[in-house]
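**Q**
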Amino acid sequence: METCVVITTYKRAWALPYSIASLKDQSIPPSKVVFVLKPSGDESEKVIEECAEGLNYEIVIQNEGNVAMAVELGIKACKEHDLILFLDDDALASKNWIEKYTEFFERNKSAGGASGIVYKAVLEDNKVSLIDEPFYGKENYTVRSGIHRRPLPEYKDYCEWLSTSGLIGTKQCNSSFIPSVILIGVNMAFKTNAVEKCPLSALYKNSRKCLHYEVMLSYCAKKKGFETYRIVEKGLSPKVYHIANVESLTRGKGLSHQFWIQYDFSKDYWRLRKLGARVNFLHYLIAMGIIARGNLFIKIPATLYAIVK
Numbered sequence: 001m002e003t004c005v006v007i008t009t010y011k012r013a014w015a016l017p018y019s020i021a022s023l024k025d026q027s028i029p030p031s032k033v034v035f036v037l038k039p040s041g042d043e044s045e046k047v048i049e050e051c052a053e054g055l056n057y058e059i060v061i062q063n064e065g066n067v068a069m070a071v072e073l074g075i076k077a078c079k080e081h082d083l084i085l086f087l088d089d090d091a092l093a094s095k096n097w098i099e100k101y102t103e104f105f106e107r108n109k110s111a112g113g114a115s116g117i118v119y120k121a122v123l124e125d126n127k128v129s130l131i132d133e134p135f136y137g138k139e140n141y142t143v144r145s146g147i148h149r150r151p152l153p154e155y156k157d158y159c160e161w162l163s164t165s166g167l168i169g170t171k172q173c174n175s176s177f178i179p180s181v182i183l184i185g186v187n188m189a190f191k192t193n194a195v196e197k198c199p200l201s202a203l204y205k206n207s208r209k210c211l212h213y214e215v216m217l218s219y220c221a222k223k224k225g226f227e228t229y230r231i232v233e234k235g236l237s238p239k240v241y242h243i244a245n246v247e248s249l250t251r252g253k254g255l256s257h258q259f260w261i262q263y264d265f266s267k268d269y270w271r272l273r274k275l276g277a278r279v280n281f282l283h284y285l286i287a288m289g290i291i292a293r294g295n296l297f298i299k300i301p302a303t304l305y306a307i308v309k
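The sequence shown lines up with residues 1 to 309 when you count with UniProt numbering.
1) According to DSSP, what are the bridge partners of Y213?
2) For the beta strand (DSSP E) that contains M188, what are its first and last residues?
3) Starting from P30, trace the alpha helix (DSSP H) both ways and give me its first and last residue.
4) Can you give, in chain order, each stretch of the alpha helix (DSSP H) that sits fully within the region 90-173 and has at least 4 residues?
5) Distance check for L92 and G169, CA to CA, integer angstroms please.
6) What did DSSP end up calling R208 once you bin it into helix, strand or coil?
7) Could you check whether A114 and P238 sit closer than 9 Å to each other, using their CB atoms as the reference points?
8) Please report the distance separating the alpha-carbon of Y101 from that of C51.
9) Is it buried or exposed, F281, if we count other Cβ atoms within 10 angstroms and call 16 or more buried?
10) For S207, which residues of its own chain have a beta-carbon under 8 Å away from its beta-carbon, when the five flanking residues on both sides are left out?
11) Please classify N187 as buried or exposed, where buried requires at least 16 neighbouring CB atoms within 10 angstroms.
12) Can A121 and I243 be called in contact, C-beta distance under 9 Å?
13) Does DSSP classify F226 as helix, strand or coil?
14) Roughly how many angstroms lie between the CA atoms of V36 and I117, to the nearest whole one?
15) I'd like to know if the region 8-26 and the region 104-114 are in contact, where contact means that at least 3 CB-CB pairs between them fall below 8 Å.
16) Can you grab the Cα-Cα spacing for the pair V143 / G74, in whole Å?
17) Please state if the CB of I61 and the CB of K38 are separated by a distance shorter than 9 Å.
18) So L85 packs on V47, CB below 8 Å; how close in whole Å?
19) In terms of alpha-carbon separation, which member of K274, K253, I182 and L130 lies closest to V215?
20) When you compare each of V232, C173 and T228 to P134 by their alpha carbons, which one comes out closest?
21) Give me the Cα-Cα distance between L304 and G185, rounded to the nearest whole angstrom.
22) Using only alpha-carbon positions, find the residue among I98, W14, Y284 and S201 that is nearest to G146.
23) Between T9, C198 and E58, which has its C-alpha nearest D88's C-alpha?
24) Can you tell me where the beta strand (DSSP E) holding Y241 begins and where it ends?
25) Let me know if P301 comes out buried or exposed under the rule of 16 or more other beta-carbons within 10 Å of its beta-carbon.
26) Do V71 and V33 have their CB atoms nearer than 9 Å?
27) In this structure, how does DSSP classify L73 when only helix, strand and coil are distinguished?
28) Could you work out which residue in Q172, W97, P153 and N245 is closest to D125 when comparing CA atoms only?
29) For the beta strand (DSSP E) containing L203, name the first residue and the last one.
30) Determine the DSSP secondary structure at E58, reduced to helix, strand or coil.
31) Looking at the structure shown, is L16 part of a helix, part of a strand, or coil, going by DSSP?
32) Give the straight-line distance between the Cα atoms of C173 and R271, rounded to the nearest whole angstrom.
33) Could you check if R149 is buried or exposed, using at least 16 other CB atoms within 10 Å of its CB as the buried criterion?
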């Protein structure tokens, strides 16, 4: 299986040596590595050229746009390969990361996408320490039920699904890997034919955070007849270590950050509708009313902006 790893990067010259080193140490080397680089003047391109020696790599320059556009550029650059793996520029892949993903997709022919476990890493004095502590807590995979969390028809058998309101719904499942739309961009993989031509940049053209772009990729895969999974068993899962003590697009602070996160939550309904999902506007209104509680002066304007934009 031909594999292509995509790393989208912006202002992370300091982190790239760690992520690249983890790719050079793989039990099965990647067929290709694509760096989608948005120039920032921090000499990231030079760092890539110095650190990626020995890898078959390509640098794709992104002159404009957001992370959704960067991901779309990465997918296009990997079109000749069977499997596209995504790794954050501030994350380290475990030694058998690529091997675990290829084994999973070879065993599960219906799978179009999958996401593995993310653990914490800490950077201190230019040294990264790997910690066997989940980066994301259980609260990231648990939501309250309600009419606005009813699954779309195509997700009725899923453990973590897209609902008729555009929000995510969940239920407890016990399995080594579970049907899920909650794939995490720092550690995920898709079959190329499951996500090629997925219109991410159009769906996220006004977004600053691009929250849930992975979920939209999952839906594109579903529309093509594929299933997506979250691999939860430690022995089976491809593992990644994510540097925890840095700020990112979805780990920011302040009113602007809250506004754009709410915008993406509110926009998911309209994105799914554009992709042909059988969403329900009444369920959407109920959902927006529920999640708008608290910080109304931020969430209501963000929701209205999502509706008009």
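Backbone N, C-alpha and C fix where the C-beta goes; we use that ideal spot for every residue, glycine too.
**A** Per the coordinate set shown:
1) Within the sequence shown, numbered from 1, the residue matching residue 213 stands at position 213. Beta-bridge pairing links Y213 to no other residue.
2) Walking along the sequence shown from the start, residue 188 turns up at place 188. That run of the beta strand (DSSP E) goes N187 to K191.
3) As a working mapping, residue 30 is identified with position 30 in the sequence shown. Segment: none, P30 is in no alpha helix (DSSP H) and carries neither H nor E.
4) 97-107
5) Position 169 of the sequence shown, counted from the start, is the residue given in the question as residue 169. Position 92 of the sequence shown, counted from the start, is the residue given in the question as residue 92. About 30 Å.
6) The residue labelled residue 208 in the question sits at position 208 within the sequence shown. DSSP places R208 in coil when its eight states are reduced to three.
7) As a working mapping, residue 238 is identified with position 238 in the sequence shown. As a working mapping, residue 114 is identified with position 114 in the sequence shown. Yes; because the gap between Cβ atoms is below 9 Å, this pair is in contact.
8) For the purposes of this step, residue 101 is identified with residue 101 of the sequence shown, where counting begins at 1. For the purposes of this step, residue 51 is identified with residue 51 of the sequence shown, where counting begins at 1. Distance between the alpha carbons of Y101 and C51 is about 24 Å.
9) Stepping through the sequence shown from its first residue, residue 281 is reached at position 281. Exposed.
10) By 1-based counting over the sequence shown, the position of residue 207 is 207. Counting only Cβ-Cβ distances below 8 Å, and skipping sequence neighbours, we find N66, A68, W260, Y263, D264 and K267.
11) Here the question's residue 187 lines up with position 187 in the sequence shown. Buried is the call here.
12) The residue labelled residue 121 in the question sits at position 121 within the sequence shown. The residue labelled residue 243 in the question sits at position 243 within the sequence shown. Closer than 9 Å, so yes.
13) Taking the sequence shown and counting its residues from 1, one reaches residue 226 at position 226. Coil at F226, not helix or strand.
14) The residue labelled residue 36 in the question sits at position 36 within the sequence shown. The residue labelled residue 117 in the question sits at position 117 within the sequence shown. V36 and I117: Cα-Cα distance of roughly 24 Å.
15) no
16) Here residue 143 refers to the residue found at position 143 when the sequence shown is read from its first residue. Here residue 74 refers to the residue found at position 74 when the sequence shown is read from its first residue. Distance between the alpha carbons of V143 and G74: 31 Å.
17) The count along the sequence shown starts at 1 and reaches residue 38 at position 38. The count along the sequence shown starts at 1 and reaches residue 61 at position 61. In contact: K38 and I61 (Cβ atoms closer than 9 Å).
18) Counted from its first residue, the sequence shown places residue 85 at position 85. Counted from its first residue, the sequence shown places residue 47 at position 47. L85 to V47, Cβ: 21 Å. No contact.
19) Stepping through the sequence shown from its first residue, residue 215 is reached at position 215. Measuring from the Cα of V215, the nearest candidate turns out to be I182.
20) The residue you call residue 134 lines up with position 134 of the sequence shown. Comparing Cα-Cα distances from P134 to each of V232, C173 and T228, the minimum goes to V232.
21) As a position in the sequence shown, residue 304 is number 304, starting the count at 1. As a position in the sequence shown, residue 185 is number 185, starting the count at 1. Distance between the alpha carbons of L304 and G185: 27 Å.
22) The residue you call residue 146 lines up with position 146 of the sequence shown. It is Y284.
23) Within the sequence shown, the letter at position 88 stands for residue 88. The residue with the shortest Cα to Cα distance from D88 is T9.
24) To locate residue 241, count along the sequence shown from 1; it is residue 241. Element bounds for Y241: V240 to I243.
25) Locating residue 301 in the sequence shown gives position 301, counting from the first residue. With fewer than 16 other Cβ atoms within 10 Å, it is exposed.
26) Here residue 71 refers to the residue found at position 71 when the sequence shown is read from its first residue. Here residue 33 refers to the residue found at position 33 when the sequence shown is read from its first residue. Taking 9 Å as the Cβ cut-off, V71 and V33 do not qualify as a contacting pair.
27) To locate residue 73, count along the sequence shown from 1; it is residue 73. Looking at L73 - three-state DSSP - the assignment turns out to be helix.
28) Start at 1 with the first residue of the sequence shown, and residue 125 comes out as number 125. Checked all of Q172, W97, P153 and N245; the closest Cα to D125 is N245.
29) Within the sequence shown, residue 203 is the residue found at index 203, counting from 1. Unbroken run through L203 is the alpha helix (DSSP H), L200 to L203; no beta strand (DSSP E).
30) Within the sequence shown, the letter at position 58 stands for residue 58. Assignment of E58 by DSSP, reduced to helix, strand and coil, places it in the strand class.
31) Locating residue 16 in the sequence shown gives position 16, where the first residue counts as 1. Of the three classes helix, strand and coil, the one that applies to L16 here is helix, per DSSP.
32) Counting from one through the sequence shown, the residue named residue 173 turns up at place 173. Counting from one through the sequence shown, the residue named residue 271 turns up at place 271. Their backbone Cα atoms lie some 27 Å apart in a straight line.
33) The residue given as residue 149 occupies position 149 in the sequence shown. Per the 10 Å Cβ criterion, buried.
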